[in-house]
Amino acid sequence: MHMAAASLRRIEYIGAAVIATNFSVRVSCEGRTVPLESGQTVVIGRGLDCDLVITDALASRRHAELRLDGTQLTVTDRGSSNGTFLDGTRISAPMAVGPGSTLRIGGAAGPEVRFQAAPSGAAIRTPQTPAQGVRTPSASQQPAPAAAVSLPAHSQRPQQPQQQTQSARARSTSQPLPTRERKQRVALPSAPSNTGVVFDRYSLPSGPIEQRAPITPSGHATVTGSTPQVMPVDPGPAGGHGGAITIGRGLENQIVVDDLLASRQHARLVPSHGGYDVQDLGSRNGTYVNGQRIMGAHLGEGDLLAVGHSRFTVRHGQLVASVDEGDVNFVANHLSFTLPEGKKLLDDVSFALEGSSLLAIIGPSGAGKSTMLKALIGSQPATEGEVYYDGRDLYKNFQDLRHRIGVVPQDDVVHRQLTVQQALRFAAELRFPDDLPAELRNRRVDEVMAELGLTEHAHTRVDKLSGGQRKRTSVLLELLTQPSLLFLDEPTSGLDPGLDKQVMQTLRQLADGGRTVGVITHSVANLNVCDKVLLLAPGGKVAYFGPPNEMLSFFGSADFADVFTSVTADPDGAQRRFKESPLEDEQVEGPLSAPRREPPPLEKPPRQQSIPSQLSTLARRHVRVILADRGYSIFMLLLPIALALVAMLVPGSHGLKQQPPLGTGPGQVKFHTTEPLQLLVFLIIGAVFMGTAATIRELVGERAIYHRERAVGLSPQAYLAGKLTIFGVLNLLQSILMVGLVSLRKPMPDGAILFGSPMLEIIIACWLTAFAAASLGLLLSSVVKTSEQAMPALVISIMAQLALCGGLFPVNGRIGLEQFSWLTPARWGYAGSAATTDVRNILASQTDPLWKHSAGVFILSIVMLLVLAALYSAVTQWRLTRKAVD
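Going by the UniProt record's numbering, 160 is the number at position 160 of the sequence shown; the sequence numbering is gapless.
Set out below in C-alpha cells:
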C-alpha cells in the first residue's frame, strides 16, 4: 500500500500553481470552471465555441489551449493578438506549466488562469454555461472537420483541415445532435457535386438527418436553432400532391417561425414532384428561393427557401429547416472597383473572416475605405470579385441577405429630439411587418437597450447623451432585426480617447455575442480588441491583413504614424510586400478568383409595411420630433404672430375694404392709398416665408437617416407624403393665426367670391401659398449639400418671390418675367387674394387680369398653387428615389 501510494505522483495546486497528478484538473478563470482529464485539451478564449469562455477584451476569440498528458500540463498560444503570459513572459511556443507558475491571458496583468487537482474519475459538479463543455478525445464525439478555405492552384501550401468544437447549443443538450458541415468559403467552379458541400445551396451532411423539429401540443412544428431539423411534412411521391402547409409567425400555421421579420402568414408550400410549390402570402419582408424574391416558385432538391432568418431546403425527400443565428464566415474575394474613366478605387482586395470576429479597416485618406464598405455591404458592388456570406454570393443573393446586414453610417441616424426609447420604437415600426403586435416590437426594443446597457437612458433625449451613447443608440437601430453582419463607418470620429475605447469595447462585445463586425476607423489606439486589421494603401491596395499585434513588426515601425507614412509614400510597394510575405498565405488563405462578371442590378428593398402604415408612422414621428424641439416649436408659433404684427404697420385704417377716393389727379382720375397692395404683399410673402422656412433644412438635415431607412425598406413616397401632411396642417394653423390677428386691426374685404366669407378666402390663399412654398422648400432641401447652404437658398427664394408676386411693381405684360412668375407660389397666392379683395376696383390704375374680382380667377389661382405644389413634390420625389442622392 505504501509503495502504491508512493507511486502516485502528486503536486499540490496553490493559487495558480500547477500540481501534476494522476487525478484530473479543474481549470478556472473569471469564475468559470471546466474539468480537464489526461489526454484532453481545453481551449480558452472569447469565442462561444471555446471550452472556457473569457469575456475580457484582451482575450482573442481562440486565445490559448491547455493539454494534460499524464502528469504534464502544457499551454500553447493559439496566435492570440495580445499574447499568453507564463510567469510574466509572453510565450511563442508550447510551454510546460510547472509548480508555482502563473498563467495570464492577454498581458502580464491580464486575467489569471487557476488550477486545482481533483480525484480521477470523480464527477465534477461545476455549473457550466453551454460554452464551457470539454471536448472529449473519443472519435465518435469529435465534430466533422471543416472545409478549409480553398487555395489557388498555384499555391504550394497544403490544405489543412481545421477541427471545430461542437456548438454551444449542441453541447447543452442531453443527446448529441448532428451538426451542419462547414461550407467552403469560396467554391471552386469545378468542384465535384458529391463532396457534400454545395456552393450557394443549403449544404448539409451527406447522410440522413435524424434530428426532427419539436412539435407543440397544438400540433404545429417550430423551427429552432441553427442545427438542421427535419420538418414533420411529407412531399409525397414524385408527381403526387399532398396537403398544403403554411409557414409564418402565427400559431395557426403548420410550421411556426419565431421571427419578428416573418409575417403572421408568410408563405404556403404545396407538395409537388418530390419538392414543394412555394407561394408568398403577401409577406412584408418577402419570400426568397435561392436568394431571389418570389411570388411563386418550385423548391426542389437542394434549393434554398428563406423566410426571415429561417432557412428551408429539400434533402433526400425531406424538408429540412434551421435558423441563421449569425456566427457566419465572411469572405472578400479579389474585389476591385474601377471608375468608368479607368481609375481604380479598390485593387484586388481579398480576406477571409471567421464568424464572431471583429475586423478593423484602416488606412490613410484616399485609401478607398468608404468604397470598400459599400462593396462589402452590397450597396455599391465591386466591378470585379465577389463577397461571400457563409458561402453564398452576397451580390447574387442580395435581396435575401440584405436583411442580415446592419450598417451604421458615420453620421448619427436618429432624431436627436426624441428619447432613446421613442427613436427605437419608431424605427421598429418601420422595420418590422405592420401585422406585428406593438407589444412584441416594444419587447424587442427593450431587449436591445438592455444588450448595450442603455436601459437606464431609455427616457433620455438623444441630444442629451454622450457621444459614445449616441453611437450606441445608432447601433441599436441595426440590432433590432438581429443582423449577422454589422459594419460601422467611423464610429469613433470626434470622440475623446475614453469614449473611443468604450465604443470599441462595445463592438468587441457585439462580436462575442455571435456577430461578425467590421469597423472603418482612423483611430489606432484600441486596435488590440480586434481580431484582424485590414490596412489599405492609397488606391485601395492591401498593405496588411492579420492580427493587430503583428502589424508594427511587419513594417518594422515604431508606431502607426510611420506605417501610414510608409504606405502612402509607396502604395504599390506596400501591396507587393504583403503579397510576397508568408503572412498573406497564412491570413488571407487564398480566396479564388472567379470569371469576370457584371454586378447584378440592385433591386429596391421590399417594404416591411404598407405605404399607409409607413405614412402613419412617419407622420407621428415627425409630430413628436417637432413637439420635442421646444425652440423649433416656439419659433413656428411666434412666426405668424410676428408677421401679423409687421403687417399691421402698413399705414391706413381701411385694410382690404373698399376705400373712398382721397382726391383727383390730372385728368380727374380718382386715386386711393396703396394700403391694400402693401398689406397683401406682407400677407402673401409672410405665407411664403412660413412655408419655406419650415422645410428648407428638413431633408438635408435628415439625409443620413433617410438613406439608412430607405436601405431597409422605407418608401420614398411615404417619407415625402409624411412631411407634406404635417407641414400642410402646420401651415393651415399658421395661416389662420396670421390672418386672424391681422383682421383685428385691418378689416377684411367687403365681399367674397366663392366661399361666402372673404376672410376664409384670404386664409385659403395664404394657406395654399404657404403649402406650395413648403413643397418648394423641400425641393431646395434635397438640392443643397449642407444645412449651411440652406440659408442662402431661403433668402434668394424669398427675395425672388417678393419681386415676382406683382405687388411691388407690375409683372404682367413683361415678356419672360411674367411667364417666369407663373412658376412661383407668391404670384398665384397674391392673385387669389387680390381677386377676393377686388384690388382693380379699389385702384383703377391696376389692370392685371389675374386680379379680376371673379370666381374663375380665384379658382385658377387655387388650382395653380396645387399644381405648383405637385410639381415641386414630383421633382423632390424623383431626387429621393434616385439611386444616388447628391
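Using N, Cα and C, we set each Cβ at its ideal position, and we do this for glycine too. All values reported here derive from a predicted model rather than from experimental measurement.
Its chain contains 410, 520, 521 and 522 as the residues whose beta carbon lies nearer than 8 Å to that of residue 490, once the 5 sequence neighbours on both sides are disregarded; these appear in chain order. Excluding five sequence positions before and after residue 425, the CB atoms of its chain that fall closer than 8 Å to its own CB belong to 441, 442 and 445, given in chain order.
In this structure, residue 694 lies near residue 774, with their beta-carbon atoms less than 8 Å apart. Put simply, the region 686–701 touches the region 629–648. At least three CB pairs are less than 8 Å apart. Contact check for residue 477 and residue 413: beta-carbon distance about 6 Å, within the 8 Å limit, so the pair qualifies. Nearest to residue 288 by C-alpha distance, out of 258, 333 and 401, is 401. In the DSSP assignment, residue 385 falls within the beta strand (DSSP E) that extends over 384–389. In the three-state reduction of the DSSP assignment, residue 273 falls in the coil class.
Between the alpha carbons of residue 852 and residue 380 lies a gap of roughly 56 Å. Taking C-beta separations shorter than 6 Å and ignoring five residues to either side along the sequence, the partners of residue 296 in its chain run 279, following chain order. The Cβ atoms of residue 67 and residue 45 lie no closer than 8 Å to each other. Of the other Cβ atoms in all chains shown, fewer than 16 fall within 10 Å of the Cβ of residue 634; this residue is therefore exposed. Between the alpha carbons of residue 824 and residue 622 lies a distance of about 27 Å. Contact between the region 826–843 and the region 790–808 is established, with three or more Cβ pairs separated by less than 8 Å. If you draw a straight line from the Cα of residue 636 to the Cα of residue 735, it is about 11 Å long.
Taken in chain order, the whole beta strand (DSSP E) runs of length 3 or more contained in the region 471–499 are 485–489.
Within a 10 Å sphere around the beta-carbon of residue 849 sit fewer than 16 other beta-carbons, which makes this residue exposed. Closest in alpha carbon position to residue 47, among 508, 257 and 223, is 508.
Sequence-distant partners of residue 473 (beyond 5 residues in either direction) whose C-beta falls short of 8 Å from its own C-beta, in its chain, are 412, 414, 420, 423, 424, 454, 462 and 465. The DSSP-derived three-state label of residue 35 is strand. For residue 882, the closest alpha carbon among the candidates 762, 707 and 677 is that of 707.
In this structure, residue 324 places its C-beta atom within 8 Å of the C-beta atom of residue 404. Between the C-alpha atoms of residue 805 and residue 858 there is a straight-line separation of about 15 Å. Judged by DSSP in its simplified three-state form, residue 524 adopts coil rather than helix or strand. In the displayed model, residue 418 falls within coil according to three-state DSSP, outside both helix and strand.
By the Cβ neighbour-count rule, residue 820 is exposed, with fewer than 16 other Cβ atoms within 10 Å of its own. Boundaries of the beta strand (DSSP E) harbouring residue 67: 64–69, taken from the DSSP string. In the three-state DSSP reduction, residue 882 falls in the coil class, being neither helix nor strand. Around the beta carbon of residue 878, a 10 Å sphere encloses fewer than 16 other beta carbons of the protein chains shown; the residue is thus reported as exposed. Taking 8 Å as the upper bound for CB-CB distance, residue 259 and residue 317 are not in contact here, some 26 Å apart.
Counted as a single uninterrupted DSSP element, the beta strand (DSSP E) harbouring residue 334 occupies residues 330–338. By the Cβ-count criterion, residue 867 is exposed, with fewer than 16 other Cβ atoms from all chains shown falling within 10 Å of its own Cβ. Contact annotation: the region 553–571 does not touch the region 326–341, with fewer than three C-beta pairs closer than 8 Å. Between residue 361 and residue 573, the C-beta gap is not smaller than 8 Å, which leaves the two residues out of contact. Rounded to the nearest whole angstrom, the C-alpha separation of residue 112 and residue 559 is 29 Å. Exclusion of the five residues before and after residue 502 leaves 468 as the residues of its chain whose Cβ lies within less than 8 Å of its Cβ.
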